[in-house]
Amino acid sequence: MKFTVLRINLGEKKVENEELEKDGVYGIIDYGIDLHESLETHSLDPYDPKNVVVMGMGPFSGSTLPGAHRLMFFFRSPLYGTLFPSAMGGAAYAFKNVGVDFVTFEGKAEKPVVVLLYNDGENIKVELHEIELEKVVEIWRGYKGEEGVYALTQYLIDTFGGRFDFEYRIAVVGPAALNTNYGAIFSQALRKGERLVGSEDWAARGGSGSVLLRAHNVVGIIFGGKPRKRKFPGEDISNFKTSKGIVEGVHKKPYNEVIAEKTTKYRFNPKLNTGGTFGGNYPAEGDFVPILNWQMPYIPKEERIKIHENIMKHYWEPFNEEAIKPKNWTTCGEPCPVVCKKYRRGHHVEYEPYEANGPLSGSISLRASDISVHAVDAMGFDAIEFGGTAAWVLELVHRGLLKPEEVGISGKPEFTKEALIERPVEASEVNAKLVAELAHRVAFAENEIAKIIGLGKRKASVIFDEKFKDRLSYGESFKDYAVFTPLGEDGEMTPTMYWAIGNYIPLPIQGRYWTFYQFGVFLEPEELAQKIIASALWEFWYDNVGWCRFHRGWMKPVLKALFMEAYGENVDMEEHARKQIRRLIEYARKAGYTPAFWDSMRVIDLVAAGSEEFGNERWAERFKIDKVGTAKEYLSRVLDAYSEELGVEWRL
């Protein structure tokens, strides 16, 4: 297949536009793997300017099919240690008008820069605008009554927006990118130069923003151009009638019926009278909802049920009243019938950020969590990673292992099950306020402990274990209170917000959905490995072609036909995905990031308790006899089966 690549060397201020035609390159990840292998970035520090960031759209951007316009970022993660994809919903709808498929950021600018990428109707233009770091920090601190990524976005609209007579989009980083390993890239759809409430989206996982800023000195990217029609070599899927015909040919059902049926959860589910990930997940998870820094194994079921009842009352019901009933629904920026973005009181509300910085961090009042989530987002964090970190810090302060004044927060949290059962609103307000304070301290690296926390839970624990060893019991570690999936000696990733065994398995990509993330299920290790691979093979494709996974229900069986009809390419979907996952594994091995046994007792307890809670009596009995030994055997068998099936070496 043919792709166009815009290569930007920020250190040399050099731009090259090249045509790429290569067998086996069907999307962003394919190209990214090739590039990182050729540059041998596995041997470099993740913040080396040669850790190229690939930003790009998939081969079906420009079609009329909904979900085809995710903008992908691919880079070596400073947090997990290996190659990582991060997805930004809807942003490729503006990016497609630039006129290239992929953009690469290489080298490091002398000063922070804003990169302008646009097409004036005749030519692709690239401009690099320097902005002093002091000025950037000043904007992050406050601009027109906003802070962080929201302030910087508004500043760039005010500074550059008047130049464009076409729709454009802005992606920016916040202070978290400057001072932590888990800074994200933020973008919000714009309409006539105004930010569209509820349409915020993020390329967040893995520290994409941290790499963009610290390896390349890019603080913002503005992209767009005069409307242009993408030319497909085969069938013209920019024509609605054509693309509709392909979907109906595969599904043997009317197009609208297929889309509606397969995306019910994300739009509106009449059975539950709610919609979106937030609306759908809380009733489904019940007492398995992650709470109080994943302390579910230590809280009796009847008390977890009481906490869940409070979550439904103070979290879920207000969401339905304020977002679902008035139909405050929008999209991520591309035309899409699913309108999955639910918002209320000026806040976009989605499950993962509101779970990580809500119930997980001790807040089960929606109004309280508005405070914490907005602060975390404004600072430009990966909200899942930060929420997992904040929950850990709050528990450490609650237990006296860290002191509030050391961390830089104004008091102790109300971090007990009793608080969430007996005074849910009051306790939530206390905890959410502390999470918001912590977000500011860590993002701006305002004290020594905040700087250490910015490294991530696993790396920080090593330092804390030495620094505060007199506060620990014999054999205890700060890691024992942290929940992360380990990779290599220091790689880590906060899992997605489900009590799911597949979330804790060290895999080449973790913390996204390249695993089996069903909560409430405890499978035999060999079966879990099979299900992880089955999931990863398709999650690879959604990311590779930049397609929103909310559309996977109808898109999955259509993708092969689309390659054939639009490009004349007969792609062996499964074999190609297997090959690329093997390459990701080989890269990780070269970088020194291979599977590690869980070095957190909290994670071992989640797995052990999961066997009993989820009804696997045989494993539950074994965990009771020898918890750590059984955990080692279980994980070893999962990874052995995974290795056998893929034909790789990915074992403990």
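Residue numbers (our numbering): 2 to 653.
C-beta: ideal position from N, C-alpha, C; glycine also.
Next item on the list: Identify whether Asn-180 lies in helix, strand or coil by the three-state DSSP scheme.
Entry: For this step, residue 180 is matched to residue 179 along the sequence shown. In the structure shown, Asn-180 falls within a helical segment according to DSSP collapsed to helix, strand and coil.
Check: Less than 7 angstroms separating the beta-carbons of Tyr-256 and Val-339?
Finding: On the sequence shown, residue 256 is found 255 positions in, with the first residue counted as 1. On the sequence shown, residue 339 is found 338 positions in, with the first residue counted as 1. Cβ atoms of Tyr-256 and Val-339: not closer than 7 angstroms.
Next item on the list: Determine, using beta carbons only, whether Leu-367 and Pro-319 come nearer to each other than 7 angstroms.
Entry: Counted from its first residue, the sequence shown places residue 367 at position 366. Counted from its first residue, the sequence shown places residue 319 at position 318. Yes.
Next item on the list: Could you have a look at Thr-154 and say whether DSSP puts it in helix, strand or coil?
Entry: Translated into the one-based positions of the sequence shown, residue 154 becomes position 153. Thr-154: helix per DSSP, three-state reduction.
Checklist line | Beta-bridge partners of Gly-221, as assigned by DSSP | finding: Locating residue 221 in the sequence shown gives position 220, where the first residue counts as 1. The beta-bridge partner set that DSSP reports for Gly-221 consists of Val-115, Val-173.
Item checked: Whole runs of the alpha helix (DSSP H) within the segment 16-49, excluding any shorter than 4 residues -> Counting only runs of 4 or more, we get 29-40.
Margin query: Am I right that Ile-222 and Ala-172 are in contact with their C-beta atoms under 8 angstroms? What's the rounded C-beta distance?
Written below: Numbered from its first residue, the sequence shown carries residue 222 at position 221. Numbered from its first residue, the sequence shown carries residue 172 at position 171. About 5 angstroms separates the beta carbons of Ile-222 and Ala-172, which is inside the 8 angstroms limit, making them a contact pair.
Next item on the list: Enumerate in chain order the residues of its own chain whose CB-to-CB distance from Trp-203 is below 6 angstroms, with the five nearest sequence positions on each side excluded.
Entry: Within the sequence shown, numbered from 1, the residue matching residue 203 stands at position 202. The beta carbon of Trp-203 lies closer than 6 angstroms to those of Ala-185, Phe-187 in the same chain, with the five residues before and after it left out.
Margin query: With a threshold of 7 angstroms on Cβ separation, who are the neighbours of Gly-593 within its own chain once the five nearest residues in sequence on each side are excluded?
Written below: Indexing the sequence shown from 1 puts residue 593 at position 592. Closer than 7 angstroms at the Cβ level, and outside the excluded window around Gly-593, lie Gly-489.
Check: Taking DSSP as the reference, what is the three-state secondary structure of Ala-501?
Finding: Position 500 of the sequence shown, counting from 1, holds the residue named residue 501. Three-state result, Ala-501: coil.
Next item on the list: Taking 8 angstroms as the threshold, find out whether the segment 506-520 comes into contact with the segment 414-427 through three or more Cβ pairs.
Entry: At 8 angstroms Cβ cutoff, the stretches do not touch.
Next item on the list: Whole angstroms is fine: what's the gap from Pro-79's alpha carbon to Pro-86's?
Entry: As a working note, residue 79 is residue 78 in the sequence shown. As a working note, residue 86 is residue 85 in the sequence shown. As the crow flies, the alpha-carbon of Pro-79 is around 13 angstroms from that of Pro-86.
Next item on the list: Name the residue from Tyr-344, His-348, Gly-401, Ala-433 whose alpha carbon lies nearest to the alpha carbon of Gly-388.
Entry: Start at 1 with the first residue of the sequence shown, and residue 388 comes out as number 387. Nearest to Gly-388 by C-alpha distance, out of Tyr-344, His-348, Gly-401, Ala-433, is Ala-433.
Margin query: Which residue wins for smallest C-alpha separation from Leu-157, given the options Ile-125, Val-114, Val-127, Glu-135?
Written below: Taking the first residue of the sequence shown as 1, we reach residue 157 at position 156. The residue with the shortest Cα to Cα distance from Leu-157 is Val-114.
Note to self: Phe-416 and Gly-457 - do their beta-carbons sit closer together than 7 angstroms?
What the structure shows: Here residue 457 refers to the residue found at position 456 when the sequence shown is read from its first residue. Here residue 416 refers to the residue found at position 415 when the sequence shown is read from its first residue. Going by C-beta atoms, Gly-457 is not nearer than 7 angstroms to Phe-416.
Margin query: What does the alpha-carbon distance come out to for the pair Ile-385 and Phe-485?
Written below: Taking the first residue of the sequence shown as 1, we reach residue 385 at position 384. Taking the first residue of the sequence shown as 1, we reach residue 485 at position 484. Approximately 11 angstroms, taken between the alpha carbons.
Next item on the list: Measure the beta-carbon distance from Asn-98 to Phe-161 and round it to whole angstroms, keeping in mind my assumption that it falls under 8 angstroms.
Entry: Taking the first residue of the sequence shown as 1, we reach residue 98 at position 97. Taking the first residue of the sequence shown as 1, we reach residue 161 at position 160. About 16 angstroms separates the two Cβ atoms, so there is no contact after all.
Check: Curious, which full-length alpha helix (DSSP H) runs of at least 4 residues does the segment 371-446 contain?
Finding: With a minimum length of 4 residues, the continuous alpha helix (DSSP H) runs that stay inside the segment 371-446 are 384-400, 405-408, 418-423, 425-444.
Check: For Pro-176, is the classification buried or exposed, using 16 other Cβ atoms within 10 angstroms of its Cβ as the cut-off for buried?
Finding: Locating residue 176 in the sequence shown gives position 175, counting from the first residue. In this structure Pro-176 is buried. Its beta-carbon is surrounded by 16 or more other beta-carbon atoms within 10 angstroms.
Notebook entry, point to check: Short check: CB of Arg-71 to CB of Ala-88, under 7 angstroms?
Noted result: Within the sequence shown, residue 71 is the residue found at index 70, counting from 1. Within the sequence shown, residue 88 is the residue found at index 87, counting from 1. It is a contact, given that the beta carbons lie within the stated cut-off.
Checklist line | Sub-7 angstroms separation of Ile-506 and Val-639 beta-carbons | finding: The residue labelled residue 506 in the question sits at position 505 within the sequence shown. The residue labelled residue 639 in the question sits at position 638 within the sequence shown. Cβ atoms of Ile-506 and Val-639: closer than 7 angstroms.
Note to self: Rounded to whole angstroms, what is the Cα-Cα separation between Gly-648 and Ser-612?
What the structure shows: Counted from its first residue, the sequence shown places residue 648 at position 647. Counted from its first residue, the sequence shown places residue 612 at position 611. Computed Cα separation, rounded: 28 angstroms.
Check: Measuring CA to CA, which of Glu-576, Ser-411, Met-602, Asn-617 is closest to Lys-633?
Finding: Start at 1 with the first residue of the sequence shown, and residue 633 comes out as number 632. The residue from Glu-576, Ser-411, Met-602, Asn-617 with its alpha-carbon nearest to that of Lys-633 is Met-602.
Notebook entry, point to check: Taking contact to mean at least 3 C-beta pairs separated by less than 8 angstroms, is the segment 9-24 in contact with the segment 105-124?
Noted result: The segment 9-24 is in contact with the segment 105-124.
Item checked: Buried or exposed by the 16-neighbour rule on C-beta atoms within 10 Å, applied to Lys-23 -> The residue you call residue 23 lines up with position 22 of the sequence shown. Label assigned to Lys-23: exposed.
Check: How big is the Cα-Cα spacing for Arg-623 and Gly-100?
Finding: Here residue 623 corresponds to residue number 622 of the sequence shown, with the count starting at 1. Here residue 100 corresponds to residue number 99 of the sequence shown, with the count starting at 1. Arg-623 and Gly-100: Cα-Cα distance of roughly 58 angstroms.
Checklist line | Residue range of the beta strand (DSSP E) that includes Met-56 | finding: Translated into the one-based positions of the sequence shown, residue 56 becomes position 55. Run containing Met-56: 54-57, per the beta strand (DSSP E) assignment.
Note to self: Which same chain residues end up closer than 6 angstroms to Ala-376 when comparing Cβ atoms and leaving out the 5 residues on each side of it in sequence?
What the structure shows: Locating residue 376 in the sequence shown gives position 375, where the first residue counts as 1. Ala-437, Ala-440, listed in sequence order.
Notebook entry, point to check: Taking the Cβ atom as the reference point for each residue, do Tyr-352 and Ser-370 lie within a distance shorter than 7 angstroms?
Noted result: The residue you call residue 352 lines up with position 351 of the sequence shown. The residue you call residue 370 lines up with position 369 of the sequence shown. No, the Cβ-Cβ distance between Tyr-352 and Ser-370 is not below 7 angstroms.
Item checked: Asp-237 versus Leu-66 - alpha carbon distance -> Within the sequence shown, the letter at position 236 stands for residue 237. Within the sequence shown, the letter at position 65 stands for residue 66. Computed Cα separation, rounded: 12 angstroms.
Note to self: Quick check: the Cα distance between Leu-213 and Ile-626, rounded to an integer number of angstroms?
What the structure shows: The residue labelled residue 213 in the question sits at position 212 within the sequence shown. The residue labelled residue 626 in the question sits at position 625 within the sequence shown. Using only the alpha carbons, I get a separation of about 48 angstroms.
Note to self: Which of the three DSSP states is assigned to Ile-186 in this structure?
What the structure shows: Here residue 186 refers to the residue found at position 185 when the sequence shown is read from its first residue. Residue state, collapsed to three classes: strand.
Next item on the list: Would you tell me roughly how many angstroms separate the C-alpha atoms of Trp-542 and Ala-69, rounded to the nearest one?
Entry: Against the sequence shown, residue 542 aligns to sequence position 541. Against the sequence shown, residue 69 aligns to sequence position 68. Between Trp-542 and Ala-69, the alpha-carbon positions lie close to 12 angstroms from each other.
Check: Going by Cα to Cα distance, which pick from Ile-464, Ala-567, Ile-502, Val-55 is closest to Gly-210?
Finding: For the purposes of this step, residue 210 is taken as the residue at position 209 of the sequence shown. It is Val-55.
Notebook entry, point to check: In this structure, what does DSSP give as the bridge partners for Trp-203?
Noted result: Residue 203 sits at position 202 when you count from the first residue of the sequence shown. Its beta-bridge partners are Phe-187.
Margin query: I'd like to confirm the pairing. Which residues does DSSP put opposite Ser-637 in its beta bridges?
Written below: As a working mapping, residue 637 is identified with position 636 in the sequence shown. Ser-637 is not bridged to any residue.
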